[in-house]
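Numbering-wise (the working numbering), the sequence shown opens with residue 13 and increments by one.
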Amino acid sequence: MDADKTDRKEWRIQALERLHKELEDELRAETGVPLTPEESERIRERIREEIGERIKERFEGLKSELYEEILREKKKDIKQAVAKGDLFYRFGLNVRAQHFLLAASTFLLIITGLPLRFHDSAIWKFIIFLLGGIQNSTFLHRVAAGGLMIVCVWHLSWLFLTREGRREFWELLPKPKDLFDVIHNIKYFLRLTNEKARFDRYSYIEKFDYWAVYWGVVIMIGSGLLLWLEQYSLKVLPKWILDVAKEAHRDEALLATLAIVVWHMYNAHLNPSKFPGTLVIWNGLMTRHEMLDEHPLEYEKRLKVVVEKRGDS
13 MDADKTDRKE WRIQALERLH KELEDELRAE TGVPLTPEES ERIRERIREE
63 IGERIKERFE GLKSELYEEI LREKKKDIKQ AVAKGDLFYR FGLNVRAQHF
113 LLAASTFLLI ITGLPLRFHD SAIWKFIIFL LGGIQNSTFL HRVAAGGLMI
163 VCVWHLSWLF LTREGRREFW ELLPKPKDLF DVIHNIKYFL RLTNEKARFD
213 RYSYIEKFDY WAVYWGVVIM IGSGLLLWLE QYSLKVLPKW ILDVAKEAHR
263 DEALLATLAI VVWHMYNAHL NPSKFPGTLV IWNGLMTRHE MLDEHPLEYE
313 KRLKVVVEKR GDS
């Protein structure tokens, strides 16, 4: 590869020199006077500038064309894979964007909030230093809190104002089957049965993940606002309520962090069957293998719909 780069570089140099020589020869033939070294160098620099600028413009245009072309091909491949049943749409762009904002806000809240709880720890002191000091850390913590509040309003609006949101909310409601699935999986882990529980669109693990967020954000946002607006809160509330809010905020923050690291990270990334993670939250797609392994009942429902549509056509 290095040899190819060297060859291309030499070819470009030779091409520029040929162009320079041809232009000099034509000027000399036209004027009958040889060019001075300054004039020759000026021609060489002008050629380099003009050619370089045109190559750059062409490169940018070519890059854009190739990007659009490959993107169209990828989208076509995905549609064909979905039509064949090799890939399945699971999450739309709206849901993925919500998750991204929630994850980014939560991560920033953790790295700017935990140093306040463990302020004697050398590690967290170093984190505060990297963030630019306690004032910057506090500012970033409030920015992240704003992001958390935005995603909460966004998610609730999506739930109740869109058909997709209402359908997903129904799927996420705990149902009697979830209890039977828990019992079934306990038997599976104890090797009392050979098959694990068969899940529909959401397993009890994912439902717990989802509903735990509601509990967390109510406490974190409620107590956080009281502490953020302390000077106004003390005008209408006794001090002991703010003391309770402070303890609740600190304890729930630690609990939420542990839940994310131990529960969510394991189930989404560190589980041996998923390690190092799944792309579904990034591209919204699941493979047939993932569907059969994690959501076999939903797979069967979708397959039935496809068969019925083909039968009608």
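The C-beta atom is built at its ideal place from N, Cα and C for all residues, glycine as well.
Restricting to Cα atoms, I'd like to know which of LEU126, ARG178, ARG210 is closest to HIS261.
LEU126
For the alpha helix (DSSP H) that LEU267 lies in, which residues bound it at each end?
251 to 270
Distance between ASP212 and PRO308 (C-alpha atoms, nearest Å):
7 Å
Look at the Cβ atom of PHE103, then the Cβ atom of GLY296, and state whether they are nearer than 8 Å.
yes
Per-residue burial, LEU173 [other beta carbons within 10 Å of its own, 16 or more giving buried]
exposed
Which first and last residues belong to the beta strand (DSSP E) in which PHE192 is found?
Here PHE192 belongs to no beta strand (DSSP E); instead the alpha helix (DSSP H) covers 188 to 201.
Three CB pairs or more closer than 8 Å across the region 248 to 256 and the region 218 to 226
no
Spatial neighbours of TYR311 within its chain, please: CB distance less than 6 Å, with the 5 preceding and 5 following residues excluded, ordered by chain position.
Only MET303, LEU304 meet the Cβ criterion.
Rounded to the nearest angstrom, how far is the Cβ of ILE162 from that of LEU105, given a contact under 8 Å?
Contact flag wrong, Cβ pair sits at about 17 Å.
Taking its Cβ as the centre, do 16 or more other Cβ atoms sit within 10 Å of SER133, making it buried, or is it exposed?
exposed
Buried or exposed for GLY236, going by 16 or more other Cβ atoms inside 10 Å?
buried
How should ASP37 be labelled, buried or exposed, when 16 other C-beta atoms within 10 angstroms of its C-beta is the threshold for buried?
exposed
Taking the DSSP output, what are the residues bridged to TYR101?
LEU297
Status (buried if at least 16 other CB within 10 Å, exposed otherwise) for THR48
Burial call: exposed.
Quick check on DSSP: helix, strand or coil for TYR214?
TYR214 falls in the coil class under three-state DSSP.
Alpha helix (DSSP H) segment containing LEU142, residue limits:
134 to 142
Burial state of ALA156 (16 or more Cβ within 10 Å):
buried
Between the CA atoms of GLN147 and PHE141 - distance to the nearest angstrom
11 Å
Which class does SER149 belong to by DSSP, given the choice of helix, strand or coil?
helix
Less than 8 Å between the C-beta atoms of LEU35 and ILE63, yes or no?
no
Which listed residue (ILE231, GLU61, VAL107) has its alpha carbon closest to that of HIS167:
When ILE231, GLU61, VAL107 are compared, the shortest CA-CA separation from HIS167 is found for VAL107.
Whole-angstrom distance between MET298 and GLU80, CA atom to CA atom
24 Å
Assuming contact is defined by CB atoms lying nearer than 8 Å, are ILE233 and LEU184 in contact in what I supplied?
In this structure, the beta-carbon distance from ILE233 to LEU184 does not fall below 8 Å.
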